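The sequence shown maps to residues 72 to 801 in the numbering used here. Cβ atoms here follow ideal geometry from the backbone N, Cα and C, with glycine treated the same way. Just so we're clear, the structure is a prediction, and the values are computed from it rather than from any experiment. Each remark here refers to the structure printed beneath this line.
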Amino acid sequence: MANHIRQQAKLTVYGRKPRKCNVPINEQGKYLKVSQYYGENVYNYHLSKSLSLEDKDALKQVIDGKRTIDKPLATKVANSVLEWAISKGATHFCHWFQPLTGSTAEKHDAFLNFDNDRAIETLSASQLMQGEPDASSFPHGGSRATFEARGYTTWDLTSPLFIQESTNGKTLVIPTAFVSYHGDALDTKTPLLRSDLRINEVMTKFCNLVGMKDVSKVYTTCGAEQEYFLIDKAFYFGRQDLVMTGRALMGSLTSRNQQLEDHYFGMIEDRVLAFMEEVEIELYKMGIPAKTRHNEVAPGQFELAPIFKDANVAADNNQIVMTTLRNVALKHDFVCLLHEKPFAGVNGSGKHLNWSMSTDTGVNLLEPGHNPHENYRFLAVVATVVEAVYRHADVIRMGIASHGNDHRLGANEAPPSIMSVFLGTTLTQILDSMVSGGKYVASGKTLLDLGARQLADLVKDNTDRNRTSPFAFTGNKFEFRACGSSASIGYPLSILNAAVVDIFEETNAFLEQELASGKSQDDALTAVILKWYGNAQRVVFNGDGYSQDWVKEAEKRGLGNMRTTPEAISVLKDAKKTSVLVRSGVFKESEISTRHNVMLERYIKCRQIELKTLAGMVLKQVVPAAVEYKAQLAESIKKQKDCGADSSLELELLKDLSNYSKSLYEQTINLNTSLDDLHHKLDEETFAKRIALELMPQSVKIAELCNQIEEIIPDENWPVPKFFDMLFIR
Numbered sequence: 072m073a074n075h076i077r078q079q080a081k082l083t084v085y086g087r088k089p090r091k092c093n094v095p096i097n098e099q100g101k102y103l104k105v106s107q108y109y110g111e112n113v114y115n116y117h118l119s120k121s122l123s124l125e126d127k128d129a130l131k132q133v134i135d136g137k138r139t140i141d142k143p144l145a146t147k148v149a150n151s152v153l154e155w156a157i158s159k160g161a162t163h164f165c166h167w168f169q170p171l172t173g174s175t176a177e178k179h180d181a182f183l184n185f186d187n188d189r190a191i192e193t194l195s196a197s198q199l200m201q202g203e204p205d206a207s208s209f210p211h212g213g214s215r216a217t218f219e220a221r222g223y224t225t226w227d228l229t230s231p232l233f234i235q236e237s238t239n240g241k242t243l244v245i246p247t248a249f250v251s252y253h254g255d256a257l258d259t260k261t262p263l264l265r266s267d268l269r270i271n272e273v274m275t276k277f278c279n280l281v282g283m284k285d286v287s288k289v290y291t292t293c294g295a296e297q298e299y300f301l302i303d304k305a306f307y308f309g310r311q312d313l314v315m316t317g318r319a320l321m322g323s324l325t326s327r328n329q330q331l332e333d334h335y336f337g338m339i340e341d342r343v344l345a346f347m348e349e350v351e352i353e354l355y356k357m358g359i360p361a362k363t364r365h366n367e368v369a370p371g372q373f374e375l376a377p378i379f380k381d382a383n384v385a386a387d388n389n390q391i392v393m394t395t396l397r398n399v400a401l402k403h404d405f406v407c408l409l410h411e412k413p414f415a416g417v418n419g420s421g422k423h424l425n426w427s428m429s430t431d432t433g434v435n436l437l438e439p440g441h442n443p444h445e446n447y448r449f450l451a452v453v454a455t456v457v458e459a460v461y462r463h464a465d466v467i468r469m470g471i472a473s474h475g476n477d478h479r480l481g482a483n484e485a486p487p488s489i490m491s492v493f494l495g496t497t498l499t500q501i502l503d504s505m506v507s508g509g510k511y512v513a514s515g516k517t518l519l520d521l522g523a524r525q526l527a528d529l530v531k532d533n534t535d536r537n538r539t540s541p542f543a544f545t546g547n548k549f550e551f552r553a554c555g556s557s558a559s560i561g562y563p564l565s566i567l568n569a570a571v572v573d574i575f576e577e578t579n580a581f582l583e584q585e586l587a588s589g590k591s592q593d594d595a596l597t598a599v600i601l602k603w604y605g606n607a608q609r610v611v612f613n614g615d616g617y618s619q620d621w622v623k624e625a626e627k628r629g630l631g632n633m634r635t636t637p638e639a640i641s642v643l644k645d646a647k648k649t650s651v652l653v654r655s656g657v658f659k660e661s662e663i664s665t666r667h668n669v670m671l672e673r674y675i676k677c678r679q680i681e682l683k684t685l686a687g688m689v690l691k692q693v694v695p696a697a698v699e700y701k702a703q704l705a706e707s708i709k710k711q712k713d714c715g716a717d718s719s720l721e722l723e724l725l726k727d728l729s730n731y732s733k734s735l736y737e738q739t740i741n742l743n744t745s746l747d748d749l750h751h752k753l754d755e756e757t758f759a760k761r762i763a764l765e766l767m768p769q770s771v772k773i774a775e776l777c778n779q780i781e782e783i784i785p786d787e788n789w790p791v792p793k794f795f796d797m798l799f800i801r
């Protein structure tokens, strides 16, 4: 039966054709340019005919944080939003928020109301601004009793309202923060917004101190690259592990996978391209600037990258990107896998956060300029950020910890769990020479000789890229490469911002002292560079982060290496290390305890689901398949003996299969027993560590035994789709 289902799935996939998507057209039936429909599902108050110029100016001041919104203005905005949403075909609205589950949540309410017996559509100011979901049903880390259910969603005016389309209707989506009855953040948005406010305060002060008097606002910008896998849904639903955990818990690697490096940037297959095109159309409608699409390294792996936006909107946009990828994939008979390591043996998926800081005057504070060795402001910003990563490395590492990311970090496709900074040759030489008292001599632009006059000249960059670094300077931004593909980026962004705020507070105080003593701006900035880079040099590493030599070198430098999530989570119980989060105003002390408990609980639950799923597949699918094939071998041996033929090959196969299956059965029963025993005997923190250090290595051995059995059993007898099916058949 299992064989029949698997073969039928293969035939179904072979017959699939690319699905045509609804490309926007005008009334004449001609295709619209992206610029003609971009953002059509996003509310733009500037275009509202029901808001006066005074209303629009007042609303802009609210969005810029210069005033709060009052009831009369909120009522006018609500009416304008309602008029727009109904004109787009929306019948419902929802407060859309990001609880500590890592995903999003929403509760839909109809615009439908009644004026006596007459049906009407309404959206009040209070409905726009505030909601009340059941807070007890979302992760709260023990910060409240289960019976205390009240929580609030509150409208985030800095993130655009948008229309979400479904098969049979449309919904107005209102981005909101989610807090408890007592005002504690129960989401990822609230801390990120706090961190943005603090970045604005300290960085505006910094800019003003160094002569940028016209700067009145500084904000962080982000572009989150999103990696993902696509497999046909017929194969997906044939694998219990993929459905339950998002990754294949067993599977023998195919002889050809990614070693020829032919999938990376290769031609995109028609069916995949059709999916990508529809994803982009949906994102463009919602004002999300998807810019880049391409094949990634592993077969079946792809990437989407957007244009930079401010960090809060970028975080919201990335949640929409993940939802859109999943939803559109199903329309094309794919399933989109966002797990960090869905298939052992090939590259996993990350989410690179390209991070920078920009002023309201259009200056990127991480832009080196034409002469970076003379740009003291830029060098001071870099040095301060390097000190932030050095001093708060453990907290930053904690911010990207997850059970999925444990499989990816340091696995030869992602940065290691050691937090270090890559600056590149030129920038490192400039800073090193300043600290050592030497003089940096600029080499000038270098043209690469390509040996072919038909090709345009290439100007060599100041530095190569380093894909093995978790935090790499890439020309005019830092790329935080260690984040997992399924992560909500608001959490690591808020922690990174808090770390930067903390050091810039000290930088500003130091600058004030230096300037008050009569030093010039350049001399004062030079002092900042020497102070921070001289202290943090040991966190700068431009070499191969995958090498074991770096692990040893990092230990000599005193850099942390928390390899597992339970190790990283324990940082949240260290008040000295987490004080930066409180001191910066990004988190409350109670919220730190909440996140420790939520992250720990989530790790344990996810691992329990994985281990129980693995055991179930072994006992109900793999072992029965082995027993069935053993019976076939035994019958074959008997028949050959009866006719005097040589059955030594079958005997050898039967012996190996018996040994593997016996060991597999015993180890699986032992894993099940250990999991239950440890859960009942240990506290959660110790239990999580034992899972990471003992049970997960056991599960790897079990998976290896499954793979050995898979390589013996004929293809038609194997009960679940194989890696070949999932990675190569589309």
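Output the distance between the C-alpha atoms of K81 and A305, rounded to the nearest integer angstrom.
Residue mapping note: residue 81 aligns to position 10 of the sequence shown, counting from 1. Residue mapping note: residue 305 aligns to position 234 of the sequence shown, counting from 1. Distance between the alpha carbons of K81 and A305 is about 8 Å.
E177 - containing beta strand (DSSP E), residue span:
Position 106 of the sequence shown holds residue 177. Note, E177: beta strand (DSSP E), A176 to A181.
What residue does the alpha helix (DSSP H) around E374 start on, and which one ends it?
In the sequence shown, residue 374 corresponds to position 303, counting from 1. Taken as a continuous stretch (DSSP letters only), E374 belongs to no alpha helix (DSSP H), being part of the beta strand (DSSP E) at Q372 to P377.
Less than 8 Å between the beta carbons of A696 and N606, yes or no?
Translated into the one-based positions of the sequence shown, residue 696 becomes position 625. Translated into the one-based positions of the sequence shown, residue 606 becomes position 535. Contact flag unset, no.
Would E781 and L320 qualify as a contact pair, given that the criterion is a beta-carbon distance under 8 Å?
Indexing the sequence shown from 1 puts residue 781 at position 710. Indexing the sequence shown from 1 puts residue 320 at position 249. No, the Cβ-Cβ distance between E781 and L320 is not below 8 Å.
With distances taken between CB atoms, is the gap from G222 to L264 smaller than 8 Å?
Start at 1 with the first residue of the sequence shown, and residue 222 comes out as number 151. Start at 1 with the first residue of the sequence shown, and residue 264 comes out as number 193. No, the pair does not count as a contact, with Cβ atoms beyond the cut-off.
Using the C-alpha atoms, what's the distance from I191 back to Q329?
Within the sequence shown, numbered from 1, the residue matching residue 329 stands at position 258. Within the sequence shown, numbered from 1, the residue matching residue 191 stands at position 120. Those two C-alpha atoms are separated by around 59 Å.
Report yes if the CB atom of V572 is closer than 8 Å to the CB atom of L494, and no otherwise.
The count along the sequence shown starts at 1 and reaches residue 572 at position 501. The count along the sequence shown starts at 1 and reaches residue 494 at position 423. In this structure, L494 does not lie closer than 8 Å to V572 by Cβ.
Straight-line Cα distance separating L409 from S174:
The residue given as residue 174 occupies position 103 in the sequence shown. The residue given as residue 409 occupies position 338 in the sequence shown. Cα-Cα distance, rounded: 12 Å.
In the DSSP assignment, what residue or residues form a beta bridge with D186?
As a working note, residue 186 is residue 115 in the sequence shown. D186 pairs with R189.
Taking DSSP as the reference, what is the three-state secondary structure of P170?
As a first step, residue 170 is located in the sequence shown; it is residue number 99 there, counting from the start. In the structure shown, P170 sits in a strand (DSSP, three-state: E or B).
Residue from Q738, F414 and V651 with nearest C-alpha to V689:
For the purposes of this step, residue 689 is identified with residue 618 of the sequence shown, where counting begins at 1. Residue Q738 is the option with its Cα nearest to V689.
To the nearest angstrom, how far is the alpha carbon of T238 from that of Y114?
Sequence index remark: in the sequence shown, residue 238 carries index 167 (1-based). Sequence index remark: in the sequence shown, residue 114 carries index 43 (1-based). Their Cα atoms are separated by approximately 21 Å.
Go ahead and pull the three-state DSSP assignment for D381.
In the sequence shown, residue 381 corresponds to position 310, counting from 1. Of the three classes helix, strand and coil, the one that applies to D381 here is strand, per DSSP.
Closest residue to E348 among S491, I378 and V399 (Cα-Cα distance)
Along the sequence shown, one-based indexing puts residue 348 at 277. When each option's Cα is compared against that of E348, the closest is V399.
DSSP on N788, reduced to helix/strand/coil?
Here residue 788 refers to the residue found at position 717 of the sequence shown. Looking at N788 - three-state DSSP - the assignment turns out to be helix.
Only counting the same chain, and skipping five residues up and downstream in sequence, which positions put a Cβ closer than 6 Å to that of I800?
The residue labelled residue 800 in the question sits at position 729 within the sequence shown. For I800, where only same-chain residues beyond five positions count, the Cβ hits under 6 Å are V84.
Whether V273 touches F551 by CB criterion (8 Å):
Your numbering for residue 273 matches position 202 in the sequence shown. Your numbering for residue 551 matches position 480 in the sequence shown. Going by C-beta atoms, V273 is not nearer than 8 Å to F551.
When DSSP builds the beta bridges, which residues end up paired with H163?
Along the sequence shown, read from residue 1 onward, the residue named residue 163 stands at position 92. Bridge partners of H163: A181 and T242.
Between the alpha carbons of H667 and K644, how many angstroms are there, rounded?
Within the sequence shown, residue 667 is the residue found at index 596, counting from 1. Within the sequence shown, residue 644 is the residue found at index 573, counting from 1. One C-alpha to the other measures close to 7 Å.
Taking only three categories from DSSP, how would you classify A527?
In the sequence shown, the residue the question calls residue 527 occupies position 456. Because the pLDDT of A527 is 43, which lies under 50, any placement of that residue in the model is unreliable, and the number read from its coordinates should be weighed accordingly. Of the three classes helix, strand and coil, the one that applies to A527 here is coil, per DSSP.
Enumerate in chain order the residues of its own chain whose CB-to-CB distance from L502 is below 6 Å, with the five nearest sequence positions on each side excluded.
The count along the sequence shown starts at 1 and reaches residue 502 at position 431. The answer, listed in chain order, is Y604.
DSSP state of R609 mapped onto helix, strand, coil:
Position 538 of the sequence shown holds residue 609. Here R609 sits in helix by DSSP.
So the beta strand (DSSP E) M428 belongs to, where does it begin and stop?
Looking up residue 428 in the sequence shown gives position 357. Looking at the DSSP string, the run of the beta strand (DSSP E) that includes M428 is L424 to T430.
In this structure, does DSSP put L519 in helix, strand or coil?
Residue mapping note: residue 519 aligns to position 448 of the sequence shown, counting from 1. Any reading at L519 must be qualified, since the residue scores a pLDDT of 39, below 50, and its modelled position is unreliable; no value is offered.
Over what stretch of residues does the beta strand (DSSP E) that includes H365 continue unbroken?
Translated into the one-based positions of the sequence shown, residue 365 becomes position 294. Segment A361 to N366, the beta strand (DSSP E) holding H365.
CB-CB length for M393 against N112, believed under 8 Å
Here residue 393 corresponds to residue number 322 of the sequence shown, with the count starting at 1. Here residue 112 corresponds to residue number 41 of the sequence shown, with the count starting at 1. So it is not a contact: roughly 18 Å between Cβ atoms.
Can you tell me the Cα-Cα spacing of E125 and Q132, whole angstroms?
The residue labelled residue 125 in the question sits at position 54 within the sequence shown. The residue labelled residue 132 in the question sits at position 61 within the sequence shown. Computed Cα separation, rounded: 11 Å.
Please report the straight-line C-alpha distance between D186 and S158, rounded to a whole angstrom.
Your numbering for residue 186 matches position 115 in the sequence shown. Your numbering for residue 158 matches position 87 in the sequence shown. When rounded, the distance between both Cα atoms is 21 Å.
Output needed for D341: all residues of its chain with C-beta closer than 7 Å, excluding positions within five of it in sequence on either side, in chain order.
As a working note, residue 341 is residue 270 in the sequence shown. These residues qualify, in order along the chain: P89.
Just how far apart, CA to CA, sit A639 and G687?
Within the sequence shown, numbered from 1, the residue matching residue 639 stands at position 568. Within the sequence shown, numbered from 1, the residue matching residue 687 stands at position 616. One C-alpha to the other measures close to 30 Å.
Apply the 10 Å Cβ neighbour rule to N613 and answer buried if 16 or more other Cβ atoms are within range, or exposed otherwise.
Here the question's residue 613 lines up with position 542 in the sequence shown. N613 comes out buried.
Under 6 Å Cβ to Cβ from F300, same chain only, skipping five residues before and after it: list those, please.
For the purposes of this step, residue 300 is taken as residue 229 along the sequence shown, with counting starting at 1. So the list reads G371, Q372, L408 and P413, once near-sequence residues are dropped.
If we call anything under 8 Å between Cβ atoms a contact, is I270 one with N579?
As a working note, residue 270 is residue 199 in the sequence shown. As a working note, residue 579 is residue 508 in the sequence shown. No; because the gap between Cβ atoms is not below 8 Å, this pair is not in contact.
Could you check how far apart the C-beta atoms of T247 and D381 are, in whole angstroms? I think they sit under 8 Å.
The residue given as residue 247 occupies position 176 in the sequence shown. The residue given as residue 381 occupies position 310 in the sequence shown. With 8 Å as the limit, T247 and D381 do not qualify as a contact, their Cβ atoms being about 17 Å apart.
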